[in-house]
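Participant:
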Amino acid sequence: NLMPRGEVRNKMASGLFNNAKEKGLVNGLVFDEIRRAIPGANMGGLLKDCFRNNKKKKPLSEMMLRDLPRSWKANVVEAKPKRKKTKKKKEEPNAVEKLEPVPIKPMRRIVESSWQSGRDV
């Protein structure tokens, strides 16, 4: 996003992608970002190794991560989804707790004229 589109951006993104391929670190994020950063005409050169083994050549727009060679994804370590910690419910005793009735307070009468409070009644 920070680099303007052009030859410099294409070379930089291609170099990063080739480095990730060699190290086996191409995951979904890397693949999505390279497709976003490089135009389709240049993308064919980066993915030429994919088409050597496959007789059917998919359009670049339909390429998915699973279509890439395993060697490109060999060293990717996916994070395990974090489990939510659940609070254990306190065991309730067998005896049902009796709730004490809330005392009802007697109504109070407020005597105040509207001119004293500034409110219209």
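Quick note on the numbering used here: the sequence shown kicks off at 718 and runs consecutively. By construction, the Cβ of each residue, glycine as well, lies at the ideal position given by its N, Cα and C atoms. The structure displayed is predicted, hence computed values, not measured ones.
1) Is it the case that the Cβ atoms of leucine 742 and valine 793 are separated by a distance below 7 Å?
2) Cβ atoms of cysteine 767 and leucine 785: under 7 Å apart, would you say?
3) Buried or exposed for lysine 738, please, with buried defined as at least 16 other CB atoms from any protein chain shown within 10 angstroms of its CB.
4) So valine 794 is in the alpha helix (DSSP H); what residue range does that whole segment cover?
Facilitator: On the basis of the data shown:
1) yes
2) yes
3) buried
4) Neither: valine 794 is in no alpha helix (DSSP H) and is coded neither H nor E.
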